[in-house]
Amino acid sequence: MMARKKTPALPLVSTLNMLEAAAEVADLSQQIKKHDLLYHQKDNPEISDAAYDALRRRLEEIETAFPDLATEDSPTRKVGAKPAAGFTKVKHTVPMLSLGNAFSEEDVTDFYERVQRFLSTQDIIDIIAEPKIDGLSCSLRFENRQLVQAATRGDGAEGEDVTQNVMTIAGIPHTLPSDAPNILEVRGEIYIDRHDFAALNVQQEKDGGKTFANPRNAAAGSIRQLDSTITAKRPLKFFGYALGEVSEDIADTQDGVRKKLGKWGFAVPIPTALCKSPQDMMQFHETVYGDRPDIPYDLDGIVYKVNDIALQKRLGFVSRAPRWAVAHKFPAEQAETVINDIIIQVGRTGTLTPVAELEPVNVGGVMVSRATLHNEDEVNRKDVRKGDHVIIQRAGDVIPQVVKSLPDKRKKGAKAFIFPETCPECGSAAVREEDEAATRCTGGLICPAQAVERLKHFVSRLAFDIEGLGDKIIRQFFADKIVTAPADIFRLAAHAETLKTQEGWGELSVKNLLDAIEARRTIALDRFIYALGIRQVGQATAKRLAQNYLNIDTLATQMRDAKTHDDEAVQELLAIEDIGPAVANDITAFFAAPHNQNVLADLLKEVTVEPYIPPDTSGSKVAGKTVVFTGKLVTMSRDEAKAQAESHGAKVAGSVSKKTDYVVVGEDAGSKLKKANDLGVTVLTEEEWHDLII
Ligand code: IVH
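Sequential numbering from 70 applies to the sequence shown in the numbering used here.
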């Protein structure tokens, strides 16, 4: 850990006089030059990149305010230090999680009981409730009590560096008092008050600028400005509600964290309550829901968090959400409108989705012109017809839905919607498997709609994240046969000259696109798997596959083996959490298809897939070992035992085999214990297991 050094608070640049500014410029220039030397020539940096960036930013700020002090040889003039456009990426040292959702009293009770069950207790669990702010999340990193970096959430593992812009937000402290730890990441929400939002739109209109649909969009648009002087003019605010990396704990409870953050100058979400039961939680939810008109900012629900930080640590997280918190959403916003048409969209896996094209309507601050009708059964069940008056709803960021049609307002002669039997895009037969709600186009590779959707998915934010390759451009490239498979994207440079001459394109836009593509030639394994667009393989499953197979070659080979003959390969796949026979089949079928093998091989010529590096569990005696828990565990629940084993680098299996290293037995263990003894597998009591992992 870095030595604890107290750094005095920096005065605002606007309060400096010429002499003070000159002294600071000299000092900063010297420091930056020293760190440049240490970093570039000695390969031995003494400070973090973020702390270094903070020094440069301060110098730039002073040089802008006092141009006479900006010398020719200032380190800020050095080229190549700062990207010309776009935001640099920031890897989160602690992932930025999302939250699971609750919609009903039953869900809230479920959450509470789940927590008790995991902790294997009937005790009352204290829960802190607070509003869920509808803005965009941001992580503020303080090193030695100075704000050195601000990053957006991105995909949770990696976000964008928006430090310069966040520095302009008035309510965010730039320095922390001496009782704050050396390293502290404060996570929270950047948002705009409803009142400020209305004023902002009036001003935008006056200036001939773009108006925003709602405060959330306005906040997001303001943070993603490349020019921070524009951000500075936007009425942004920040609420702190969680911590990321910390060099030492700042409190024992969530409430304590709130109080500390408050003391250090952060706003924290209010109102808040300490709840001791699901009834308390429901009561708070209802009260705040009713009070919404008096609360000056948009909320979309209540977040409940286990108060005791030690319990939070035991609970940990599953997939991308903590077990110790949940978002209880407010009821969805609804509105009435008319259906102008019902069209069929063909998705990346060939699913035909009926979509209602609507007379545009404002639903809770967002203009909605399309809503999903899900599938054939839903259209029939709701009896939705072209020309119908309908109620639609949207909740959070989910796709708007048609709730019901209003048959009393139906025009005479309106015909029921007939679900097509062929794909509207390629004419192939559309079929519905028994027991499935979805109707699928059987065109596979010849269906242009599926190909385009696959490419769109491939470049999307959580996959390759290539900025500038939107829906329209992909369609155009596909129609022009410039990009028909993913690898073609990485060969676009060969078409640069042709592109530049096309309508809507110029030297700069082509360069920006090619730069964005170049920047993505290296990709993490889980993103790569997700990008392949395998049916039923979302972000969470992709991550599990990455953690299990570690690199793309092993994954591809094992999956091919699993499809053809190798029982062990199938068993290994099925042993992964949340992968059942249907998902396993989709995965193995994908890798076994010759076409996909060619696409993959071609793609791997163009991109580098970084292997998954498991967390450092070198101090752990059980890393890489396979363990089976059996019988009734006494000291903890089965789920906690499993989570704990995994955090020490062990794999948890459901059945005993030759590959099992340990079987941990609780009370009344049965056949698994017998099998372990038969196979000569090491059997441990709960206590022995605890001793092993300490
Ligand atoms: S706690 C590890 N508290 O909601 C848990 N999140 O839907 C960290 N959000 O990504 C989140 N208000 O951006 C928490 N009071 C609040 C919140 C809040 C808004 C956002 C946050 C999160 C998203 C999940």
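A virtual CB, placed ideally from N, CA and C, is assigned to each residue, including glycine.
Other residues of its chain near residue i: CB distance less than 6 angstroms, five sequence neighbours each side excluded
i, result
"residue 722", "644, 695 and 697"
"residue 167", "389 and 390"
"residue 154", "Because the pLDDT at residue 154 is just 47, under 50, the model does not fix this residue reliably, and the value given afterwards should be weighed accordingly. Excluding sequence neighbours, residue 154 sits near nothing in its chain."
"residue 562", "583"
"residue 757", "none"
"residue 149", "Bear in mind that the predicted position of residue 149 carries a pLDDT of just 34, short of 50, making it unreliable; the figure below should be weighed with that in mind. Counting only Cβ-Cβ distances below 6 angstroms, and skipping sequence neighbours, we find nothing."
CB of residue i within 9 angstroms of CB of residue j, strictly
i, j, result
"residue 374", "residue 394", "yes"
"residue 628", "residue 610", "no"
"residue 196", "residue 188", "no"
"residue 65", "residue 718", "With the chain covering only 70 through 763, there is no way to say anything about residue 65."
"residue 308", "residue 336", "yes"
"residue 242", "residue 261", "no"
"residue 120", "residue 217", "yes"
"residue 410", "residue 204", "no"
"residue 248", "residue 321", "no"
"residue 699", "residue 735", "yes"
"residue 560", "residue 677", "no"
"residue 339", "residue 200", "yes"
"residue 683", "residue 605", "no"
"residue 537", "residue 581", "yes"
"residue 279", "residue 273", "yes"
"residue 315", "residue 412", "no"
"residue 543", "residue 586", "no"
"residue 613", "residue 646", "yes"
"residue 184", "residue 229", "no"
"residue 257", "residue 207", "yes"
"residue 733", "residue 710", "yes"
Nearest neighbour of residue i, chosen from the options [CA to CA]
i, options, result
"residue 598", "663, 673 and 498", "673"
"residue 446", "423, 95 and 122", "423"
"residue 469", "442, 321 and 219", "442"
"residue 686", "392, 343, 763 and 648", "763"
"residue 476", "462, 486, 464 and 454", "454"
"residue 725", "228, 745 and 593", "745"
"residue 623", "660, 541 and 655", "660"
"residue 681", "620, 730 and 346", "620"
"residue 520", "234, 536 and 555", "555"
"residue 462", "318, 518, 404 and 638", "404"
"residue 348", "467, 607, 693 and 173", "173"
"residue 761", "592, 235 and 731", "731"
"residue 574", "640, 327 and 541", "541"
"residue 344", "220, 425, 198 and 305", "198"
"residue 382", "318, 341, 305 and 518", "318"
"residue 594", "625, 641, 576 and 671", "625"
Residues near residue i by beta carbon distance below 8 angstroms, same chain, minus five either side
i, result
"residue 566", "none"
"residue 706", "186, 187, 188 and 189"
"residue 131", "82, 85, 90, 93, 94, 97 and 138"
"residue 407", "427, 428, 456, 457, 458 and 459"
"residue 516", "415, 419, 492, 494, 495, 497 and 510"
"residue 115", "104 and 107"
"residue 225", "161, 164, 165, 166, 167 and 389"
"residue 579", "565, 568 and 569"
"residue 742", "699, 700, 732, 734 and 752"
Same chain, Cβ closer than 7 angstroms to residue i, neighbours up to 5 away in sequence not counted
i, result
"residue 532", "526, 596, 599 and 600"
"residue 237", "297, 300 and 301"
"residue 210", "119, 217, 218 and 254"
"residue 87", "135"
"residue 290", "281"
"residue 354", "371 and 397"
"residue 264", "365"
"residue 435", "282, 283 and 463"
"residue 223", "229"
Contact with chain D by residue i, beta-carbon distance below 9 angstroms
i, result
"residue 485", "In the displayed structure, chain D is absent; only one protein chain is listed."
- Contained beta strand (DSSP E) runs [length at least 3] in the stretch 177-263, N- to C-terminal order: 196-202, 205-212, 215-221, 227-229 and 252-260
- What are the uninterrupted segments assigned as beta strand (DSSP E) that are 3 or more residues long and contained completely in the stretch 584-672, given in chain order? 591-593
- At which residue ranges does the stretch 259-330 contain complete beta strand (DSSP E) runs of 3 or more residues, listed in the order of the chain? 306-315
- Task: Ignoring anything shorter than 4 residues or poking outside the stretch 500-581, list the alpha helix (DSSP H) runs there in chain order.
- Result: 517-528, 540-548, 555-558 and 565-570
- Which full runs of the beta strand (DSSP E) of 3+ residues lie inside the stretch 713-755, going along the chain? 731-734 and 751-754
- Item | Sequence ranges, beta strand (DSSP E) only - wholly within the stretch 428-504, length at least 3 | 435-441, 458-463, 470-474 and 499-501
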